[in-house]
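Residue numbers (my numbering): 37 to 282. Backbone N, C-alpha and C define an ideal beta-carbon position, used for all residues, glycine too. What follows is one structure encoded as C-alpha cells, with my remarks underneath.
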Amino acid sequence: MTLENSSKVKKMGCSYVLYDDRLISEMNLQLFDADYLANNGSHTDSIGSSDAGIGRARVVYFIHNNITMVLKHYYRGGIVSALIKDRYFGFNIEKTRSFREWYLLKKMRSLDLPVPNAVAARVKKGLFFYQADLITQKIENTKTLSDVLSEEDLNSEQWGRIGACIKLFHQKNIYHADLNARNILLDQEGEVYLIDFDNSSIRKDDASWKMSNLTRLKRSLNKFKKNERNFYFDEQSWSDLVRGYQ
Ligand SMILES: Nc1ncnc2c1ncn2[C@@H]1O[C@H](COP(=O)(O)OP(=O)(O)O)[C@@H](O)[C@H]1O
Ligand SMILES: [Mg+2]
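Structure (C-alpha cells):
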C-alpha cells in the first residue's frame, strides 16, 4: 500500500515504527512502554484473561499532544498462548500484526468507516520472531457493547444501528476477524464503532464470511448472557440487529 505523506516508517534500534506525524511530532519508544506510561499518570485497563477468545490484552490510555491515545500490545490467543505469550514468527515487516492493522485502519478511515484513527504501529524484531504494539486515538465517551448490555437494555432502533454499522463494513468487504461484543463501541448518542482489527482484512465479496462474522457476534452475545447475571440480550435483540443489517 502506498503511504500517505503523513505516514513515516522509522527504524529505532531493533524496532520499526510506522506512525502518523500529524499526531506524533517526535517518535519516542516510551510511547510503546506500558510500564513507563502506567507509572506516568496513565490509566491501565486489564481485561479478563480467563475467557480466551473474548479478550486478553491489556490496554493503556495516555495523553500525548493533548490527544488521548490507546496502546495495545499484541498477545497470542488459543492454545499456543500458554507457550508463546506475545511473539509472532515472521520477517516481512509489512505483514506483521500491527503494521497490517495500522494500514487497514487508515484504509477504513479513508472509506469513512467508524473506526479509531491509527496513530502508530511498532514491531520489535527478534531473530526469528517479533513483538507488536499499536497506538490508536481513543474514541471518547464510549463503552463496549458488552458493558452497555450488562447495565441496560437497548431499544430496537439501537440494535438496528448496530446491524447497520456492521453492514457498512461488509459493503466494503471488510472482514472482522473477531467480531464480538467487546469490539463494538457505543457512544451516548448511539453512534456505533468497530475496533480491534487484528488479523482482519479486505476480502472478496462473498456471503459466507459475512454470515460467519454475524454468527460469531451472536455466539459472543450468548456467551456473555450465559456468564453474566444481568445481560440484556435475547432473540428479539438479535432480530432487530439483523433487520438493521438488511
Ligand atoms: N481506540 C479506542 N477507543 C476507545 N477504546 C478502545 C480503543 N481501542 C481499544 N479500546 C478499549 O480497549 C479494549 C481492548 O482493545 P482491543 O483493540 O479490542 O484489543 P484486545 O481485544 O486484543 O485486547 C477494547 O475492548 C476497548 O474497551
Ligand atoms: Mg478486542
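Nearest-angstrom Cβ-Cβ length linking residue i and residue j, presumed shorter than 8 Å
i: residue 121; j: residue 112; result: 6 Å
i: residue 172; j: residue 221; result: 12 Å between Cβ atoms; not a contact.
i: residue 165; j: residue 123; result: 4 Å
i: residue 260; j: residue 182; result: 5 Å
i: residue 160; j: residue 51; result: 5 Å
i: residue 149; j: residue 240; result: Not confirmed; about 18 Å, so no contact.
i: residue 213; j: residue 244; result: About 15 Å separates the two Cβ atoms, so there is no contact after all.
i: residue 137; j: residue 242; result: No, residue 137 and residue 242 are not in contact; Cβ-Cβ is about 22 Å, not under 8 Å.
Cβ-Cβ distance between residue i and residue j below 8 Å
i: residue 56; j: residue 155; result: yes
i: residue 145; j: residue 53; result: no
i: residue 206; j: residue 169; result: no
i: residue 185; j: residue 268; result: yes
i: residue 210; j: residue 175; result: no
i: residue 153; j: residue 223; result: no
i: residue 204; j: residue 253; result: no
i: residue 230; j: residue 151; result: yes
i: residue 46; j: residue 63; result: yes
i: residue 273; j: residue 147; result: no
i: residue 59; j: residue 98; result: no
Exposed unless 16 or more other CB atoms sit within 10 angstroms - verdict on residue i
i: residue 219; result: buried
i: residue 246; result: buried
i: residue 225; result: exposed
i: residue 107; result: buried
i: residue 201; result: buried
i: residue 217; result: buried
i: residue 119; result: exposed
i: residue 76; result: exposed
i: residue 66; result: exposed
i: residue 96; result: buried
i: residue 167; result: buried
i: residue 280; result: buried
i: residue 102; result: exposed
i: residue 199; result: buried
Residue i CB to nearest heavy atom of ligand 2 below 7 Å
i: residue 265; result: no
i: residue 136; result: no
Any non-hydrogen atom of ligand 1 closer than 7 Å to residue i Cβ
i: residue 254; result: no
i: residue 64; result: no
i: residue 221; result: yes
i: residue 218; result: yes
i: residue 178; result: yes
i: residue 169; result: no
i: residue 234; result: yes
i: residue 132; result: no
i: residue 198; result: no
i: residue 95; result: yes
i: residue 322; result: A question about residue 322 goes unanswered here, because the residues of the chain that appear run from 37 up to 282.
i: residue 106; result: yes
i: residue 231; result: yes
Identified DSSP bridge partners for residue i
i: residue 154; result: 172
i: residue 237; result: 211
i: residue 178; result: 223
i: residue 99; result: 104
i: residue 109; result: 169
i: residue 19; result: Only positions 37 to 282 of the chain appear in the structure, and residue 19 is not among them; the question remains open.
i: residue 125; result: 165
i: residue 53; result: 46, 158
beta-carbon residue i near ligand 4 non-hydrogen atom, thresh 7 Å
i: residue 150; result: For the structure depicted, ligand 4 is absent and the ligand set comprises only ligand 1 and ligand 2.
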